Amino acid sequence: MPSAVIMKGSLRLPSTGVVALQAGIGHAGTMRLHVIPHSTNVDRVSLALGLKGRTAERVLHPTADRSGVRAVSGQDLVPVLETPEGGVLPGSMAIVDWIDATWPDPPLYPAGAAGRREVEGFVTFFDHLWKVAPNAIADGTADAAGTANGIAQLRGWRHGFEALLTGRDFLFGDAPGAADVCAHPFLRYATSSDPGDDDLFHGVLIEHLALDGAFPNLAAWIARVAALPHA
Ligand SMILES: N[C@@H](CCC(=O)N[C@@H](CS)C(=O)NCC(=O)O)C(=O)O
Numbered sequence: 001m002p003s004a005v006i007m008k009g010s011l012r013l014p015s016t017g018v019v020a021l022q023a024g025i026g027h028a029g030t031m032r033l034h035v036i037p038h039s040t041n042v043d044r045v046s047l048a049l050g051l052k053g054r055t056a057e058r059v060l061h062p063t064a065d066r067s068g069v070r071a072v073s074g075q076d077l078v079p080v081l082e083t084p085e086g087g088v089l090p091g092s093m094a095i096v097d098w099i100d101a102t103w104p105d106p107p108l109y110p111a112g113a114a115g116r117r118e119v120e121g122f123v124t125f126f127d128h129l130w131k132v133a134p135n136a137i138a139d140g141t142a143d144a145a146g147t148a149n150g151i152a153q154l155r156g157w158r159h160g161f162e163a164l165l166t167g168r169d170f171l172f173g174d175a176p177g178a179a180d181v182c183a184h185p186f187l188r189y190a191t192s193s194d195p196g197d198d199d200l201f202h203g204v205l206i207e208h209l210a211l212d213g214a215f216p217n218l219a220a221w222i223a224r225v226a227a228l229p230h231a
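Going left to right, the sequence shown walks through residues 1 to 231 as UniProt numbering numbers them.
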């Protein structure tokens with residue numbers, strides 16, 4: 001854990017409550033994004049930055065050695081963002097929310113309280129429900145019944161995304177927003193994979209999200225969001 005923690009602020013988050021921003025341990029003026037190869041959660045930040053027309057210096061860590069990530073943030077997971085002010089922020093959607101608060105245009109959330117809460121609810125669903133089964137299958141912690149249920153969930157929820165994309169280009173409207181940023185890096189495995197990516201979690205998604213020639217709205221959205229700028 002970095003030793004020089006000078007100031008703490010907080011961000012309100014839809015899914016995890018309060019995340020500490022630890023300032024004074026980064027490099028003022030430079031925004032650094034700590035990444036590993038083929039990271040879905042890093043892709044969320046890349047898309048959010050791209051939508052805002054921003055870039056960050058990437059610090060690439062080996063997937064099998066998180067010592068550098070731990071030295072910066074006190075934990076092992078990526079993404080971690082070092083902000084220009086020297087804050088250190090882990091957690092992909094916390095970083096997305098920080099980006100949105102720092103550069104409000106174009107907004108990633110609807111302006112009204114009800115619309116914002118709907119998108120926050122989607123993010124909570126995605127991170128705390130949708131992700132659970134494929135992670136358990138990939139980790140080998142799901143038993144046979146859990147695996148079967150998880151696969152059925154993944155396949156069934158494709159219908160929900162298809163419905164959300166009826167008559168509009170993005171999950172919650174006509175412009176890309178936080179829900180698209182949250183879900184696209186994962187759902188895109190329904191139609192694509194990366195050469196050299198042997199991540200088991202991604203393999204579960206590739207196998208069980210396949211669109212089977214159906215879900216035209218979802219297929220078009222995957223291509224549409226992939227074509228948006230990514231930092
Ligand atoms: N809740 C975190 C999850 C971060 C996470 O799981 N990151 C993955 C990469 S996509 C990771 O670092 N996994 C650890 C590992 O693979 O050992 C977030 O949203 O950023």
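Note that CB positions come from ideal geometry on N, CA and C, so glycine has one too.
Only a predicted model underlies this, so the values are computations on that prediction, with no experimental measurement involved.
By the C-beta density criterion, threonine 102 is exposed, having fewer than 16 other C-beta atoms within 10 angstroms.
The beta carbons of histidine 230 and serine 46 sit about 4 Å from each other, so the pair counts as a contact at 8 Å. By the C-beta density criterion, threonine 30 is exposed, having fewer than 16 other C-beta atoms within 10 angstroms.
By the neighbour-count criterion, in which a residue is buried when 16 or more other Cβ atoms sit within 10 angstroms of its Cβ, aspartate 65 is exposed. Placement of the Cβ of valine 78 at a distance of less than 7 Å from at least one heavy atom of ligand 1 is found.
Exposed is the label assigned to proline 62, since fewer than 16 other Cβ atoms lie within 10 Å of its Cβ.
Exclusion of the five residues before and after asparagine 41 leaves Leu77, Val78, Pro79, Ser92, Pro185 as the residues of its chain whose Cβ lies within less than 8 Å of its Cβ. A direct Cα-to-Cα measurement between lysine 131 and leucine 205 gives close to 10 Å.
For proline 90, DSSP records a beta bridge to Val80. Taken from the Cβ of glycine 213, every heavy atom of ligand 1 lies 7 Å or farther away. In this structure, DSSP gives histidine 34 an extended state, which the three-state scheme calls strand. Annotation: the continuous beta strand (DSSP E) that includes glutamate 57 extends over 57 to 60. Taken in chain order, the complete alpha helix (DSSP H) segments of 4 or more residues contained in the UniProt domain "GST C-terminal" (109 to 231) are 113 to 125, 132 to 139, 144 to 164, 178 to 187, 200 to 208, 216 to 226. Around the beta carbon of glycine 167, a 10 Å sphere encloses fewer than 16 other beta carbons of the protein chains shown; the residue is thus reported as exposed. In this structure alanine 48 is in contact with valine 181, their Cβ atoms being roughly 5 Å apart against a cut-off of 8 Å.
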